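Asks:
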């Protein structure tokens, strides 16, 4: 069994969007506002920079008991002693990642469709990221938008916790929760907000109100 | 102590240069011609494709007792049970990688200058890749060419095995060995050759003759 985690408000970082404020300052504001879990995502960064970023975030998040998830790089997650890894469909298989991570670290998987769900070894996965709910500019390799009905379609297939992702703002957050997601993952809605703490607080309200 | 390895003729793969013939066929020809160690390098590939490529190469190389080294990705190396990892200066630190790899897997590090050598935790490293000896088009992020005198400069600092890399063909291979390298690493000289087996054989002759 994995460490406990809460998908309610899942922040995914974006290196360009946090550049002005700084990665750690943005995440700090977001968790102050209520982000419940944080994913470090920087697909163009080299391993050394990623490990350094992960360690900086871990120092911030561990005392707050907010889990730190690393996108894609299992080695970086273990080196920085992060809480888990999030995999896309092009990343290492969940089974391979689980073998490296051990049973306690959190393992998430992106799934866009019931077909992707069926083709994935979800038995070793702790949660699913389902999307993109809406088309977005922050992830070039994301598939076609699946809408809230796409969330409902995956929801029907599994009891795993699900976080909706892709173009989610306050209004859409409520719809995603009503469609069956346990939480919402956001990038721009927090990272590009003039006040990330306030943005997180508003999103958290939208999610809790929709439950 | 790491597994035994022989740097005499070190093949580094390039995805574009092997595309026509195929990765496994190119490596197979190269080891027939005498390549003594092989590094899988494909910096743009996603984790899943890398693990698949690594497993295919391992199936070829393990019975021949030719070590398979993975560029950068420690997680891919462990998932595919490769023999080791080669790190650049921007990759995870050697100490972090060694902690993940355990004591037996081979760990290589790229070093361009005595200053880089001094700044690196070479105590956990099994060999050094020293270069680029000559400027080359296959590695965009390589530093300035160091020439054979650059090899000699690093040679003077350590008893670690050294492989010269960067723009090495048959004529330069002999010079690199005489400059103090234990072997030569090549990309284009084998991957782009019309006959990789023949190219490997010629390079091997050049290295052994220069010793």
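Residue numbers (the working numbering), protein chains in the order written: chain U, 1 to 211; chain F, 1001 to 1211. Note that CB positions come from ideal geometry on N, CA and C, so glycine has one too. Remember, it's a predicted structure, so these values are computed and weren't measured experimentally.
(1) I need the straight-line Cα distance from residue 181 of chain U to residue 1181 of chain F, nearest angstrom please.
(2) Can residue 35 of chain U and residue 11 of chain U be called in contact, C-beta distance under 7 Å?
(3) Using the beta-carbon count (16 or more within 10 Å), is residue 1013 of chain F buried or exposed?
(4) Pairs of beta-carbons, one from the stretch 1150-1159 of chain F and one from the stretch 1125-1137 of chain F, closer than 8 Å: are there three or more?
(5) Where do the N-terminal and C-terminal ends of the alpha helix (DSSP H) with residue 76 of chain U fall, by residue?
(6) For residue 31 of chain U, tell me which candidate among U/206, U/200, U/210 has the shortest Cα-Cα distance.
(7) Under a Cβ-count criterion, where at least 16 other Cβ atoms within 10 Å of its own Cβ denotes burial, should residue 28 of chain U be classed as buried or exposed?
(8) Counting contacts by CB-CB distance shorter than 7 Å, is residue 105 of chain U in contact with chain F?
(9) For residue 1196 of chain F, which residues from the same chain have a beta carbon less than 8 Å from its beta carbon, with the 5 sequence-adjacent residues on both sides left out?
(10) Quick one: residues in its chain with C-beta nearer than 8 Å to the C-beta of residue 101 of chain U, no 5 flanking neighbours on either side, listed in chain order?
(11) Where does the unbroken alpha helix (DSSP H) through residue 1177 of chain F begin, and where does it stop?
(12) So residue 40 of chain U and residue 57 of chain U are supposed to be a Cβ contact under 8 Å. How far apart are they, rounded?
(13) Mind checking residue 1208 of chain F: buried by the 16 CB within 10 Å criterion, or exposed?
(14) Quick check for students: name the residue ranges of the alpha helix (DSSP H) that lie wholly in the stretch 1030-1074 of chain F, counting only runs of 4 or more.
(15) Within the stretch 1112-1142 of chain F, note down every full beta strand (DSSP E) run reaching 3 residues or more, in order along the chain.
(16) Go through its chain and collect everything with a Cβ distance to residue 6 of chain U's Cβ below 6 Å, but skip five positions before and after it.
(17) Buried or exposed: where does residue 1001 of chain F fall if 16 or more other Cβ atoms within 10 Å of its Cβ makes it buried?
(18) Please determine, among F/1177, F/1064, F/1087, the residue with the shortest C-alpha to C-alpha distance to residue 1043 of chain F.
(19) For residue 1125 of chain F versus residue 1094 of chain F, is the C-beta spacing smaller than 7 Å?
(20) Taking only beta-carbon atoms, is residue 167 of chain U less than 7 Å away from chain F?
(21) Would you please state the rounded distance, in angstroms, between the beta carbons of residue 82 of chain U and residue 69 of chain U? I believe it to be under 8 Å.
(22) Helix, strand or coil: how does DSSP classify residue 22 of chain U here?
(23) Provide the residue span of the alpha helix (DSSP H) that contains residue 1150 of chain F, from first to last.
(24) How is residue 107 of chain U classed by DSSP in three states: helix, strand or coil?
(25) Report the option in U/157, U/66, U/193 whose CA atom is closest to the CA atom of residue 114 of chain U.
(26) Less than 7 Å between the beta carbons of residue 1174 of chain F and residue 1210 of chain F, yes or no?
(27) When Cβ atoms are compared, which residues of the stretch 32-47 of chain U fall closer than 7 Å to chain F?
(28) In the DSSP assignment, the beta strand (DSSP E) including residue 1085 of chain F goes from what residue to what residue?
Replies: Put simply:
(1) Indexing the first chain from 1 puts residue 181 of chain U at position 181. Indexing the second chain from 1 puts residue 1181 of chain F at position 181. Approximately 58 Å between the Cα atoms of the pair.
(2) Against the first chain, residue 35 of chain U aligns to sequence position 35. Against the first chain, residue 11 of chain U aligns to sequence position 11. Taking 7 Å as the Cβ cut-off, residue 35 of chain U and residue 11 of chain U qualify as a contacting pair.
(3) Reading the second chain from its first residue, position 13 is the one you call residue 1013 of chain F. Per the 10 Å Cβ criterion, buried.
(4) yes
(5) Taking the first residue of the first chain as 1, we reach residue 76 of chain U at position 76. Element bounds for residue 76 of chain U: 74-79.
(6) The residue given as residue 31 of chain U occupies position 31 in the first chain. Nearest of U/206, U/200, U/210 to residue 31 of chain U, Cα basis: U/200.
(7) In the first chain, counting from the first residue as 1, residue 28 of chain U sits at position 28. Result: buried.
(8) For the purposes of this step, residue 105 of chain U is taken as residue 105 along the first chain, with counting starting at 1. Not closer than 7 Å to any Cβ of chain F, the Cβ of residue 105 of chain U fails to qualify, so no.
(9) By 1-based counting over the second chain, the position of residue 1196 of chain F is 196. Counting only Cβ-Cβ distances below 8 Å, and skipping sequence neighbours, we find 1021, 1026, 1029, 1030, 1033, 1190.
(10) Indexing the first chain from 1 puts residue 101 of chain U at position 101. Correct list, in chain order: 74, 77, 78, 84, 85, 107.
(11) On the second chain, residue 1177 of chain F is found 177 positions in, with the first residue counted as 1. Start and end: 1170-1178.
(12) Start at 1 with the first residue of the first chain, and residue 40 of chain U comes out as number 40. Start at 1 with the first residue of the first chain, and residue 57 of chain U comes out as number 57. The Cβ separation is near 6 Å, so the contact holds.
(13) For this step, residue 1208 of chain F is matched to residue 208 along the second chain. Exposed is the call here.
(14) 1047-1061
(15) Scanning the stretch 1112-1142 of chain F from its first residue to its last, the whole beta strand (DSSP E) runs of 3-plus residues come out as 1127-1130.
(16) Taking the first residue of the first chain as position 1, residue 6 of chain U is located at position 6. Contacts found: 36.
(17) Walking along the second chain from the start, residue 1001 of chain F turns up at place 1. With fewer than 16 Cβ atoms within 10 Å of its Cβ, residue 1001 of chain F is classed as exposed.
(18) Translated into positions along the second chain, residue 1043 of chain F becomes position 43. Ranking F/1177, F/1064, F/1087 by Cα distance to residue 1043 of chain F puts F/1087 first.
(19) In the second chain, counting from the first residue as 1, residue 1125 of chain F sits at position 125. In the second chain, counting from the first residue as 1, residue 1094 of chain F sits at position 94. Yes.
(20) Here residue 167 of chain U refers to the residue found at position 167 when the first chain is read from its first residue. It does not; no Cβ of chain F falls within 7 Å.
(21) What you label residue 82 of chain U is simply residue 82 of the first chain in a count that begins at 1. What you label residue 69 of chain U is simply residue 69 of the first chain in a count that begins at 1. That pair is a contact at about 7 Å.
(22) The sequence position of residue 22 of chain U within the first chain is 22, counting from 1. Three-state result, residue 22 of chain U: coil.
(23) Position 150 of the second chain, counting from 1, holds the residue named residue 1150 of chain F. That run of the alpha helix (DSSP H) goes 1147-1155.
(24) As a first step, residue 107 of chain U is located in the first chain; it is residue number 107 there, counting from the start. Three-state DSSP puts residue 107 of chain U in a strand.
(25) What you label residue 114 of chain U is simply residue 114 of the first chain in a count that begins at 1. Of U/157, U/66, U/193, the residue nearest in Cα terms is U/157.
(26) Within the second chain, numbered from 1, the residue matching residue 1174 of chain F stands at position 174. Within the second chain, numbered from 1, the residue matching residue 1210 of chain F stands at position 210. For residue 1174 of chain F and residue 1210 of chain F, yes; Cβs fall inside 7 Å.
(27) 46, 47
(28) As a first step, residue 1085 of chain F must be located in the second chain, where it is residue number 85. Counting along the chain, the beta strand (DSSP E) containing residue 1085 of chain F begins and ends at 1084-1087.
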